[in-house]
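>
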Amino acid sequence: MVMIDQYILGGFVASLFGFVLLYNLRRKITKNNGSKILRKDQCIKTSDGGILRPVVDAGRTDVIIVGAGVAGAALAYALGKEGRRVHAIERDLTEPDRIVGELLQPGGYLKLIELGLEDCLQDIDAQRVFGYALYMDGKHTKLSYPLEKFNSDVSGRSFHNGRFVQRMREKAATLPNAEVRCLVDVPGQKVPSIANGEMATYLKTVVAPQIPSQLYDAFIAAIDKGNIKTMPNRNIVVIRNLLRPLHDLNDAATLSKYLESFYTLRKPVASTINTLAGALYKVFCASPDQARKEMREACFDYLSLGGIFSNGPVSLLSGLNPRPLSLVLHFFAVAVFGVGRLFLPFPTPKRIWLGARLLSGASGIIFPIMNAEGFRQMFFPATVPAYYRSPPVK
Numbered sequence: 012m013v014m015i016d017q018y019i020l021g022g023f024v025a026s027l028f029g030f031v032l033l034y035n036l037r038r039k040i041t042k043n044n045g046s047k048i049l050r051k052d053q054c055i056k057t058s059d060g061g062i063l064r065p066v067v068d069a070g071r072t073d074v075i076i077v078g079a080g081v082a083g084a085a086l087a088y089a090l091g092k093e094g095r096r097v098h099a100i101e102r103d104l105t106e107p108d109r110i111v112g113e114l115l116q117p118g119g120y121l122k123l124i125e126l127g128l129e130d131c132l133q134d135i136d137a138q139r140v141f142g143y144a145l146y147m148d149g150k151h152t153k154l155s156y157p158l159e160k161f162n163s164d165v166s167g168r169s170f171h172n173g174r175f176v177q178r179m180r181e182k183a184a185t186l187p188n189a190e191v192r193c194l195v196d197v198p199g200q201k202v203p204s205i206a207n208g209e210m211a212t213y214l215k216t217v218v219a220p221q222i223p224s225q226l227y228d229a230f231i232a233a234i235d236k237g238n239i240k241t242m243p244n245r246n247i248v249v250i251r252n253l254l255r256p257l258h259d260l261n262d263a264a265t266l267s268k269y270l271e272s273f274y275t276l277r278k279p280v281a282s283t284i285n286t287l288a289g290a291l292y293k294v295f296c297a298s299p300d301q302a303r304k305e306m307r308e309a310c311f312d313y314l315s316l317g318g319i320f321s322n323g324p325v326s327l328l329s330g331l332n333p334r335p336l337s338l339v340l341h342f343f344a345v346a347v348f349g350v351g352r353l354f355l356p357f358p359t360p361k362r363i364w365l366g367a368r369l370l371s372g373a374s375g376i377i378f379p380i381m382n383a384e385g386f387r388q389m390f391f392p393a394t395v396p397a398y399y400r401s402p403p404v405k
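Residues 12 to 405 in the numbering used here are what the sequence shown spells out, letter by letter.
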């Protein structure tokens, strides 16, 4: 009888211990996964329709951005407005002195408005830009941005890069959580040395003769003054919109899938501008080839026609009309225009051969650039698996 009582008592104690253990375990799981009710003063409004999002804990960081330049500061501000706790790391907060990003296209200005950063262009001596002046072999023409459908404030902006970056940094830090510069492209891999005077000699002997007479004296004076800088040639709204449905940025697998979409979503805009810029560079770059010279003359005269012939290419370059198909149509319209000029007043075997070389040269310019950018991503981005990303299942 005593033995039976001991078994009963032992079973009761074991059952009680197991019950207490299961109860505590369930409370812990419920605490971790359960919904936490927050007061209104514990939330902030995001920019997408005023949705309330909880303020993150003081010791927690959602996003770390290395580099507080134009892209870093803009991304910090955009994500900060979404309720993310952002840490931007910058090794030097003094005003940068660089010769990049000095011209903001109208399409870029529209993106600043979308991000709420257009006031960063105030009080930095930013000058409004309404188009381009194109000089070639003693001829010149004006190419104006097609801004008729936009607000009167929309235009390009030219400014000192360092001042703009400083304003962007100041803007990002607010969240609770007239000089003319000449850009010169130096073809080839070897850049003339600035230290031993090779660069100054190159600018005076090779570049200066091509400078318009109105700017020649100022160009030479700037070379003599020194302070020449070199910079090798190497999308914030898209990233912000991609990350918006993600509440847990620690989910590396889901985050990586969304960031894959960034490279696809930016293609129609970025690849159009990159392709056009690369094609224009190759067209206007001096070449001994007669077909390339004809293409160069045809491009200049095509843009000089005005109307849709200049508005179309300029709207592509300015980011106002980032359509790859429009780019291809205008580029080959220039080639056909050049062939038509060759056939007047009447075609000859020599002119027909030159026209064929012109069309072949045009294809040899644009198709390799488009191939490098990606045909499928440019023209059929919706067919790329990374194009669509539905919000993650909670």
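Built from N, CA and C at the ideal position, the CB exists for glycine as well.
Just so it is clear, the structure is predicted and the values come from calculations on it, not from any experiment.
Give the straight-line distance between the Cα atoms of ILE319 and PHE311, rounded to the nearest whole angstrom.
Each residue's alpha carbon lies about 14 Å from the other.
> In this structure, what does DSSP give as the bridge partners for SER224?
In the DSSP output, where bridge partners are listed per residue, SER224 has none listed.
> Smallest Cα separation from ALA367: which of VAL350, ASN162, LEU158?
Measuring from the Cα of ALA367, the nearest candidate turns out to be VAL350.
> Going straight from the alpha carbon of ILE124 to that of ILE75, what length do you get?
Straight-line Cα distance between these residues: approximately 24 Å.
> Considering only residues of the region 139 to 220, which uninterrupted alpha helix (DSSP H) runs meet the minimum length of 4 residues and lie entirely inside it, listed in chain order?
As far as the region 139 to 220 is concerned, its whole alpha helix (DSSP H) runs of at least 4 residues are 172 to 184, 209 to 213.
> Work out the CA separation of TYR292 and GLY369 for me, nearest whole Å.
Residue identity differs from the one stated: residue 369 is Leu in this sequence, not Gly. For LEU369 and TYR292, the distance between alpha carbons rounds to 16 Å.
> Taking 6 Å as the limit between beta carbons, can you name the residues of its chain near ALA232, skipping five residues before and five after?
Here the set comprises nothing.
> Helix, strand or coil: how does DSSP classify LEU365 here?
Looking at LEU365 - three-state DSSP - the assignment turns out to be helix.
> From HIS98 to LEU186, what distance separates their C-alpha atoms?
In a straight line, the C-alpha of HIS98 is about 12 Å away from that of LEU186.
> Identify whether ALA297 lies in helix, strand or coil by the three-state DSSP scheme.
Coil, per DSSP.
> Between the Cα of LEU327 and the Cα atoms of GLY80, SER155, ARG139, PHE230, which residue gives the shortest distance?
Of GLY80, SER155, ARG139, PHE230, the residue nearest in Cα terms is SER155.
> Looking only at its own chain, which residues have a Cβ that is under 6 Å from the Cβ of TYR313, when we skip the five neighbours before and after it?
Counting only Cβ-Cβ distances below 6 Å, and skipping sequence neighbours, we find PHE320, VAL345, PHE348.
> Quick check on ILE76: does DSSP put it in helix, strand or coil?
Three-state DSSP puts ILE76 in a strand.
> What three-state label does DSSP hand ALA99 in the structure shown?
It is a strand residue.
> Report yes if the CB atom of SER461 is closer than 7 Å to the CB atom of ARG139, and no otherwise.
In the structure as shown, the chain begins at 12 and stops at 405. Residue 461 is therefore absent and cannot be evaluated.
> Curious, which full-length alpha helix (DSSP H) runs of at least 4 residues does the region 323 to 356 contain?
For the region 323 to 356, whole alpha helix (DSSP H) runs of length 4 or above, ordered along the chain, are 335 to 353.
> In the DSSP assignment, what are the bridge partners of LEU115?
DSSP, once it has assigned bridges, lists ARG168 as partnering LEU115.
> Do the region 175 to 183 and the region 73 to 87 meet, that is, are 3 or more Cβ pairs less than 8 Å apart?
With a cut-off of 8 Å, the region 73 to 87 and the region 175 to 183 count as touching, because enough Cβ pairs lie within range.
> Kindly indicate which three-state DSSP category GLY61 falls into: helix, strand or coil?
For GLY61, the predicted structure reports a pLDDT of 45, less than 50, and the residue's modelled location is therefore unreliable. The matter cannot be settled from this model.
> Taking C-alpha atoms, which residue in GLU106, VAL202, GLY119, HIS151 lies nearest to HIS171?
The candidate whose alpha carbon is nearest that of HIS171 is GLU106.
> Quick one: what's got a C-beta closer than 6 Å to ASP108's C-beta in the same chain, skipping five residues either side?
Answer for ASP108: GLY173, listed in chain order.
> On the DSSP letters alone, give me the boundaries of the alpha helix (DSSP H) that GLY91 sits inside.
Note, GLY91: alpha helix (DSSP H), 81 to 92.
> Could you spell out where the alpha helix (DSSP H) holding GLN133 opens and where it closes?
Where GLN133 is concerned, there is no enclosing alpha helix (DSSP H), given that its DSSP letter is neither H nor E.
> Within a Cβ cutoff of 6 Å, which residues of the same chain sit near GLU101, ignoring the five residues on either side of it in sequence?
Taken in chain order, the residues that qualify are ALA79.
> Roughly how many angstroms separate the alpha carbons of GLU129 and TRP364, rounded to a whole number?
C-alpha separation (whole angstroms): 52 Å.
> Please name the residue in LEU355, LEU126, ASN322 whose C-alpha comes closest to that of LYS160.
Cα-wise, what sits closest to LYS160 is ASN322.
> For PRO107, does the three-state DSSP call read helix, strand or coil?
It is coil, neither helix nor strand.
> List the endpoints of the continuous alpha helix (DSSP H) containing PHE386.
386 to 390 is the extent of the alpha helix (DSSP H) around PHE386.
> State the DSSP-derived secondary structure class of ASN285, mapped to helix, strand or coil.
Here ASN285 sits in helix by DSSP.
> Taking the alpha carbon of GLN133 as the reference point, which residue from PRO198, LEU287, ARG168, ILE376 has its own alpha carbon closest?
Selected option, being the one with the closest Cα: ARG168.
> Taking its Cβ as the centre, do 16 or more other Cβ atoms sit within 10 Å of THR283, making it buried, or is it exposed?
It counts as buried.
> Please name the residue in THR216, GLY330, LYS92 whose C-alpha comes closest to that of LEU115.
Cα-wise, what sits closest to LEU115 is GLY330.
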